[in-house]
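Here's the structure we're looking at; comments come further down.
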Amino acid sequence: MVIQKEKKSCGQVVEEWKEFVWNPRTHQFMGRTGTSWAFILLFYLVFYGFLTAMFTLTMWVMLQTVSDHTPKYQDRLATPGLMIRPKTENLDVIVNISDTESWDQHVQKLNKFLEPYNDSIQAQKNDVCRPGRYYEQPDNGVLNYPKRACQFNRTQLGNCSGIGDPTHYGYSTGQPCVFIKMNRVINFYAGANQSMNVTCVGKRDEDAENLGHFVMFPANGNIDLMYFPYYGKKFHVNYTQPLVAVKFLNVTPNVEVNVECRINAANIATDDERDKFAGRVAFKLRINKT
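Residue 205 in the UniProt record's numbering sits at position 205 of the sequence shown; the count goes up by one each step and never skips.
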């Protein structure tokens with residue numbers, strides 16, 4: 001025999017719910033007395049307070065082992081890479097001489113990039129250093145902060161400086177300038193106390209033929225030792241990286257040319273096939289003439 005469960009009316013359900021929320025006979029709120037709720041809240045207050053204190057203490061202890069100026073681990077950048085400016089998507093420098101908009105974006109980026117290199121700013125913020133040797137600034141037991149930086153004046157970039165240049169870094173005439181810079185690595189003595197320079201070539205035989213002639217600034221793509229070591233963003237507040245400008249004079253028009261530039265230094269490997277940017281950079285150059 002099936003016993004049917006008595007259905008409760010809507011009013012009964014409401015009354016039961018109201019009694020669950022507050023029972024005036026037992027003085028229980030949602031099934032618990034005030035004392036029971038107080039013990040539960042106290043438990044969670046102590047529990048989460050303990051977790052917060054333990055996390056805060058752990059973070060404080062860990063932060064005592066970290067320097068504000070030098071990263072504790074920097075082995076990922078043991079070998080500096082190279083990059084180009086203007087910074088473009090996929091490292092493609094494409095110029096259409098008859099289309100101002102195609103190269104004006106590059107010019108605007110270079111204007112902003114080179115502004116800190118203006119001679120007046122460099123003379124105000126940085127030192128005139130002795131070429132051919134590292135500009136070391138040890139702490140010697142006392143924090144030597146901030147570190148001074150050596151001047152790299154915009155005029156050193158010659159015909160690629162963009163100063164009073166009606167050709168807009170050569171982009172309006174099909175002789176563009178591309179700037180090469182080395183990524184910063186803290187406390188890295190680039191060159192191992194020997195001279196170093198940047199060289200550029202066409203990646204394949206047909207690229208070499210289409211690349212044509214080019215000139216470099218400073219001469220021979222030299223990078224002086226006095227711009228090293230780099231002590232970090234917080235220490236070297238006015239540091240400006242040395243640049244090498246490459247001005248391409250007669251690239252074959254309407255042809256995509258693959259260019260590779262690399263730095264020649266005693267302690268920078270450029271033949272690691274697992275890292276295409278270790279001491280080198282490859283980019284595509286195309287000058288369109290219609």
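Beta carbons are placed, not taken as given, at the ideal position from N, Cα and C, and that holds for glycine.
{"Asked": "Report the CB separation of Phe217 from Asn159 in whole angstroms; it is logged as a contact under 8 Å.", "Found": "7 Å"}
{"Asked": "I'd like to check one pair, Ile186 with Tyr230: are the Cβ atoms closer than 8 Å?", "Found": "yes"}
{"Asked": "Does the distance from the CB of Pro242 to the CB of Ile287 come in under 8 Å?", "Found": "no"}
{"Asked": "What residues in its chain sit with their C-beta under 7 Å from that of Pro116, if we drop five residues either side in the sequence?", "Found": "Thr240"}
{"Asked": "Closest to Pro138 by CA distance: which of His236, Val251, Thr33 and Ala38 is it?", "Found": "His236"}
{"Asked": "Do Val198 and Gly221 have their C-beta atoms within less than 8 Å of each other?", "Found": "yes"}
{"Asked": "Helix, strand or coil: how does DSSP classify Glu273 here?", "Found": "coil"}
{"Asked": "Residue range of the alpha helix (DSSP H) that Ala38 falls in?", "Found": "Gly34 to Leu63"}
{"Asked": "Indicate the three-state DSSP secondary structure (helix, strand or coil) for Ile223 in the structure shown.", "Found": "strand"}
{"Asked": "Return the residue from the list Pro24, Arg154 and Gly81 that minimises the CA-CA distance to Asn183.", "Found": "Gly81"}
{"Asked": "Since Glu260 and Ala282 are thought to touch, with beta carbons under 8 Å apart, how far apart are those beta carbons, to the nearest angstrom?", "Found": "5 Å"}
{"Asked": "Is Asn210 helix, strand or coil when you go by DSSP?", "Found": "helix"}
{"Asked": "Apart from the five residues on each side of it in sequence, which residues of its chain come closer than 7 Å, Cβ to Cβ, to Asn258?", "Found": "Gly202, Lys203, Arg204, Asp207, Ala282 and Lys284"}
{"Asked": "Going by DSSP in three states, Asp92 sits in which element: helix, strand or coil?", "Found": "strand"}
{"Asked": "How do the stretch 150–170 and the stretch 243–252 stand: do at least 3 beta-carbon pairs fall below 8 Å, yes or no?", "Found": "yes"}
{"Asked": "Under the assumption that Ala265 contacts Ala190 (Cβ atoms under 8 Å), give the Cβ distance between them as a whole number of angstroms.", "Found": "6 Å"}
{"Asked": "Taking Asn111 as the reference, give the member of Val61, Arg154 and Met30 with the closest Cα.", "Found": "Arg154"}
{"Asked": "So, at 6 Å on beta carbons, what are the nonlocal neighbours of Arg85 in its own chain, with the 5 sequence-adjacent residues on each side left out?", "Found": "Phe113 and Phe179"}
{"Asked": "Please state if the CB of Ala149 and the CB of Asn118 are separated by a distance shorter than 8 Å.", "Found": "no"}
{"Asked": "Would you kindly report the start and end of the unbroken beta strand (DSSP E) that includes Thr199?", "Found": "Met196 to Gly202"}
{"Asked": "Can Ala269 and Thr79 be called in contact, C-beta distance under 8 Å?", "Found": "yes"}
{"Asked": "Give the DSSP bridge partners of Lys247, in chain order.", "Found": "Cys177 and Val215"}
{"Asked": "Taking only the alpha-carbon atoms, compute the straight-line gap between Glu273 and Arg280 and give it to the nearest angstrom.", "Found": "11 Å"}
{"Asked": "Regarding Glu136 and the ligand COA, is the C-beta to nearest heavy atom distance less than 7 Å?", "Found": "Only the bare structure without any ligand can be found here, which leaves the ligand COA out of the picture."}
{"Asked": "Go to Val107, then tell me how far its alpha helix (DSSP H) extends in each direction, as first and last residue.", "Found": "Thr100 to Leu114"}
{"Asked": "Thinking C-alpha only, which one of Lys147, Gly170, Tyr227 and Pro146 is nearest His106?", "Found": "Gly170"}
{"Asked": "Taking all protein chains shown into account, do 16 or more other C-beta atoms lie within 10 angstroms of the C-beta of Arg17, making it buried, or fewer, making it exposed?", "Found": "It is Trp, not Arg, that sits at residue 17 in the sequence shown. It counts as exposed."}
{"Asked": "For Ile263, count neighbouring C-beta atoms within 10 Å of its own C-beta (all shown protein chains included) and say buried if the count is 16 or more, exposed if not.", "Found": "buried"}
{"Asked": "When you compare the CB positions of Phe152 and Gln124, do they come within less than 8 Å of one another, or not?", "Found": "no"}
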